[in-house]
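Protein chains in written order, with the numbering used here: chain A, 113 to 367; chain B, 113 to 367.
Step one of this worksheet: look at the structure below.
Number of protein chains: 2
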Amino acid sequence: MEGPLYQRIAEDLRRRIARGDLPVGSPLPSESQLCEEWAASRGPVRQALSALRAEGLIGGGRGRPPIVRTSQVPQPFQTLLSFSRWARSLGRTPGQRTLEIARRPARQEVADALAIDEGDFVVELVRLRLLDDRPTMVERTTFVESVGRLLLSFDFDPDKRSIYAYLADQGVDLSVARHVFDAVAADPTDASLLEIPEGAPLLRERRRAGSASGEPYEYSDDRYRPDVVTFTIENAEQAHPSVARAWRPAPTGSL
Amino acid sequence: MEGPLYQRIAEDLRRRIARGDLPVGSPLPSESQLCEEWAASRGPVRQALSALRAEGLIGGGRGRPPIVRTSQVPQPFQTLLSFSRWARSLGRTPGQRTLEIARRPARQEVADALAIDEGDFVVELVRLRLLDDRPTMVERTTFVESVGRLLLSFDFDPDKRSIYAYLADQGVDLSVARHVFDAVAADPTDASLLEIPEGAPLLRERRRAGSASGEPYEYSDDRYRPDVVTFTIENAEQAHPSVARAWRPAPTGSL
DNA sequence: GAATCCTACTTGTCATGACAAGTGGACCTC
DNA sequence: GAGGTCCACTTGTCATGACAAGTAGGATTC
Numbered sequence: 113m114e115g116p117l118y119q120r121i122a123e124d125l126r127r128r129i130a131r132g133d134l135p136v137g138s139p140l141p142s143e144s145q146l147c148e149e150w151a152a153s154r155g156p157v158r159q160a161l162s163a164l165r166a167e168g169l170i171g172g173g174r175g176r177p178p179i180v181r182t183s184q185v186p187q188p189f190q191t192l193l194s195f196s197r198w199a200r201s202l203g204r205t206p207g208q209r210t211l212e213i214a215r216r217p218a219r220q221e222v223a224d225a226l227a228i229d230e231g232d233f234v235v236e237l238v239r240l241r242l243l244d245d246r247p248t249m250v251e252r253t254t255f256v257e258s259v260g261r262l263l264l265s266f267d268f269d270p271d272k273r274s275i276y277a278y279l280a281d282q283g284v285d286l287s288v289a290r291h292v293f294d295a296v297a298a299d300p301t302d303a304s305l306l307e308i309p310e311g312a313p314l315l316r317e318r319r320r321a322g323s324a325s326g327e328p329y330e331y332s333d334d335r336y337r338p339d340v341v342t343f344t345i346e347n348a349e350q351a352h353p354s355v356a357r358a359w360r361p362a363p364t365g366s367l
Numbered sequence: 113m114e115g116p117l118y119q120r121i122a123e124d125l126r127r128r129i130a131r132g133d134l135p136v137g138s139p140l141p142s143e144s145q146l147c148e149e150w151a152a153s154r155g156p157v158r159q160a161l162s163a164l165r166a167e168g169l170i171g172g173g174r175g176r177p178p179i180v181r182t183s184q185v186p187q188p189f190q191t192l193l194s195f196s197r198w199a200r201s202l203g204r205t206p207g208q209r210t211l212e213i214a215r216r217p218a219r220q221e222v223a224d225a226l227a228i229d230e231g232d233f234v235v236e237l238v239r240l241r242l243l244d245d246r247p248t249m250v251e252r253t254t255f256v257e258s259v260g261r262l263l264l265s266f267d268f269d270p271d272k273r274s275i276y277a278y279l280a281d282q283g284v285d286l287s288v289a290r291h292v293f294d295a296v297a298a299d300p301t302d303a304s305l306l307e308i309p310e311g312a313p314l315l316r317e318r319r320r321a322g323s324a325s326g327e328p329y330e331y332s333d334d335r336y337r338p339d340v341v342t343f344t345i346e347n348a349e350q351a352h353p354s355v356a357r358a359w360r361p362a363p364t365g366s367l
C-alpha cells in the first residue's frame with residue numbers, strides 16, 4: 113500500500129468494513145486506538161475518518177465513537193454505465209443479442225455528441241438487452257474509432273463479455289458520464305425487439321461517456337421498457353444526491 | 113457570526129465569492145494570508161478551504177493557490193422540488209393553472225406512497241404548469257391532510273405563489289425527496305392540457321417528499337412534455353453525482 | 001534568444017499539545 | 001429503586017512547528 117498515511121488508514125478501514133470485519137452497527141476503534149495501531153498522530157487518523165464520513169460509511173459524533181452505517185457504498189457510476197454489472201448486482205441475469213456492429217461515417221447528432229466532424233468514421237453497435245430473458249432495452253451505442261476498433265477485433269464477442277470490462281482491460285479510461293433522460297415513442301424496430309406496440313412510450317437515456325479529461329469516447333441512445341426499468345434520484349437538502357437504475361418487478365410497482 | 117472558527121472562515125469566503133468580491137477564476141488569498149486575516153493557525157483555515165473544495169466552489173492544488181471555480185453552487189434539491197424556482201433560475205417565466213384542489217379519501221397507490229391507510233383523507237391538487245406560456249407539465253400532487261389543509265386556507269392562492277415557499281413559511285419541513293422516472297402514454301386529460309396527441313410519450317416523474325425524519329408529506333405524479341424538459345445526471349467515477357432538470361430550447365436539442 | 005537551473009512561495013502531510021463539549025456508566029443520595 | 005452527580009473517555013476544535021512536494025518566475029548558462 114502506498115500513498116499518504118491518511119489514505120492508507122482510510123483504505124484499511126474501508127477494507128475491514130467491506131469484509132465484515134467491522135459489521136454494520138458496530139463502533140470503529142477510537143481515535144486513540146487507531147493512533148496506536150498506526151503509530152500516527154490524530155491528524156491523519158481524523159483525516160481518514162473524515163473521508164469515510166463523507167462517503168457515508170460511518171456515522172457518530174462528538175462523545176460517541178463512529179458507527180459503521182453501511183458495509184458498501186453504492187457505486188452509481190458503474191451501476192449507471194454497465195447494464196450487465198447492474199443486472200448482476202441485483203441478482204438478475206443479464207442477456208444480450210448483438211444485432212449489428214458496423215464501422216460507418218458519423219451522423220450529425222453523433223458527431224456533435226462525440227466532438228468529431230460529421231463523416232468521421234465511428235463504430236456503431238446495436239444491441240437488445242435482456243433481463244432474465246425478457247426484452248428490456250434497445251441500446252444504440254457509438255464509439256469513436258480509436259475505441260471502436262478494439263470491439264471489431266476477433267477475440268472479442270460482445271454477447272459473451274461486458275464491453276466496459278473489455279475496454280478497461282485495453283486501457284480505455286471511461287470515468288465521466290452524462291445521462292439525459294426523456295421519453296420517446298417506440299419506432300417499428302424498437303417495437304418488434306421489445307415486443308410492444310409501435311408508438312408505445314419508452315424511457316430514453318442518452319449517455320455520453322469519456323475520459324477524466326473530458327474527451328468523449330462513446331455516445332449511446334438507450335430505450336427502456338418503462339414497465340421493467342426506472343431511474344431513481346434520492347435527494348436531501350444537505351446531502352449529495354444519489355442516483356440508481358431500478359428494476360420494476362411487478363407490472364404496477366409502487367414508489 | 114457564531115460557531116467554530118473554521119465555519120466562520122468558510123462562511124465568509126462563501127459570501128465573498130457569492131457577492132463577486134472574489135470573481136470566478138481568481139485566486140483565493142493564500143493560506144498564510146487567511147491565517148493573518150483571522151489571526152488563526154493553518155488548521156481552521158485548511159478546514160474551511162476543504163469544505164469549499166468539497167462543495168465544488170474552489171479548485172487548485174499543491175503549489176498553486178485555490179481558484180474560484182463557480183460563484184454559486186447548484187442547489188439540486190430545491191431545483192428538483194420546485195418547478196417555479198427552477199424556471200426562474202433559468203431566467204424563464206413559470207406559469208400555472210390550478211385545475212382542481214380537493215379533499216378526498218386516498219387511493220391505494222397514494223396511500224402506499226404516503227404511508228397512510230387507504231381512505232384516509234388527503235388533499236389533491238391538479239395543476240398545469242407553463243414555461244413562457246407553453247404547456248409543459250401536468251402535476252397531480254397529493255398532500256397528507258395535516259399539510260394539505262394549509263393549502264385550502266383562503267389566504268393562499270396556488271396560482272400566485274409557490275406552494276413550497278408557502279409551506280416553508282408555515283413550518284412544514286420538506287427536506288428529503290425521492291424521484292422515480294419512467295415514461296407513460298398521454299391519457300386524454302394529459303393530451304388536451306399539454307396540446308399533444310393522445311398516447312404521445314410523456315416523461316413521468318413520481319416524487320415523494322417529506323421531513324428529514326422520513327415522514328412523507330407529499331406524493332406527486334408529474335408528466336412532462338419530453339420535447340420541453342429533460343433530466344440530467346452528471347456522473348464521475350470518484351465524485352458525487354449531480355442531478356438537474358433541463359429545459360430544451362430547440363425541438364431537437366443536442367446532448 | 002532559448003533552454004536550464006535555482007529559489008521563493010505555495011499547498012500537502014504529519015507530529016505534538018491543549019482545551020472544550022458531549023456521552024455513558026459508576027456511584028452516591030434520597 | 002429512582003434520581004441526580006461525578007468522572008473517565010470520547011470526539012471537536014485550535015495552536016504551533018516541521019518537512020515534503022509542487023509551481024512559477026527570475027537568474028544563469030549555452
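Idealized CB from N, CA, C, for every residue including glycine.
Partner residues on chain B for residue i, Cβ-Cβ distance less than 8 Å
| i | result |
| --- | --- |
| F255/A | Within chain B, no residue comes near F255/A; the closest Cβ sits about 15 Å away, beyond 8 Å. |
Run of the alpha helix (DSSP H) containing residue i, from where it starts to where it stops
| i | result |
| --- | --- |
| A303/A | 300 to 306 |
| R241/B | Note, R241/B: premise wrong, no alpha helix (DSSP H); beta strand (DSSP E) at 233 to 243. |
| P328/B | Careful: P328/B lies outside any alpha helix (DSSP H), inside the beta strand (DSSP E) at 328 to 336. |
| Q282/A | Neither: Q282/A is in no alpha helix (DSSP H) and is coded neither H nor E. |
| F195/A | 195 to 201 |
| D224/A | 220 to 226 |
| S144/A | 143 to 150 |
| L117/B | 117 to 130 |
Residues near residue i in its chain [Cβ-Cβ closer than 8 Å; skip 5 each side]
| i | result |
| --- | --- |
| I179/B | G137, S138, P139, L140, I170, G171, G172 |
| P116/B | P156 |
| T364/A | Because the pLDDT at T364/A is just 44, under 50, the model does not fix this residue reliably, and the point stays unresolved. |
| R158/A | E143 |
| F268/A | L262, Y278 |
| P353/A | I345, E346, N347 |
Contact list for residue i against chain A, beta-carbon separation under 9 Å
| i | result |
| --- | --- |
| A218/B | Under the 9 Å cutoff, chain A gives no residues; its nearest Cβ is about 13 Å from A218/B. |
| V296/B | A295, P313, P338 |
| V355/B | I345, N347, P353, V355 |
| A166/B | A166 |
| L372/B | Outside the shown range of chain B, which is 113 to 367, sits residue 372/B, and nothing can be said about it. |
| L192/B | I345, N347, P353 |
Cross-strand partners of residue i (DSSP beta bridge)
| i | result |
| --- | --- |
| H291/B | I345/A, R319/B |
| S354/B | E346/B |
| V180/B | I170/B |
| V296/B | L314/B |
| W359/B | V341/B |
| P139/B | I179/B |
Span of the beta strand (DSSP E) around residue i
| i | result |
| --- | --- |
| L211/A | 206 to 217 |
| E251/A | 246 to 256 |
Residues that residue i contacts on chain B, provided the C-beta gap is smaller than 7 Å
| i | result |
| --- | --- |
| T301/A | Simply none; closest approach about 16 Å. |
Interface partners of residue i on chain A, CB under 8 Å
| i | result |
| --- | --- |
| R290/B | T344, I345, E346, N347, L367 |
| F189/B | N347, A348, E349, P353 |
Beta-carbon contacts of residue i that lie in its chain and below 6 Å, excluding the five residues immediately before and after
| i | result |
| --- | --- |
| L262/A | Q282 |
| S287/A | A324 |
| L367/A | Residue placement at L367/A cannot be trusted, given a pLDDT of 49 that sits under 50; what the coordinates show is reported in the next sentence. Answer for L367/A: no residue qualifies. |
| L134/B | R128, V180 |
| I213/B | L237 |
| F293/A | E317 |
| R290/B | R320 |
| W198/B | T191, R357 |
Spatial neighbours of residue i in its chain, beta-carbon cut-off 7 Å, leaving aside the 5 residues before and after
| i | result |
| --- | --- |
| Y276/A | L193, S194, L286 |
| F255/B | V234, V235, L263, Y329, E330 |
| I308/B | A298, R337 |
| S201/A | T191 |
| S153/B | C147 |
Distance cut-off 7 Å: residue i Cβ against heavy atoms of the ligand HEM
| i | result |
| --- | --- |
| R120/A | You won't find the ligand HEM in this model; it holds no ligand whatsoever. |
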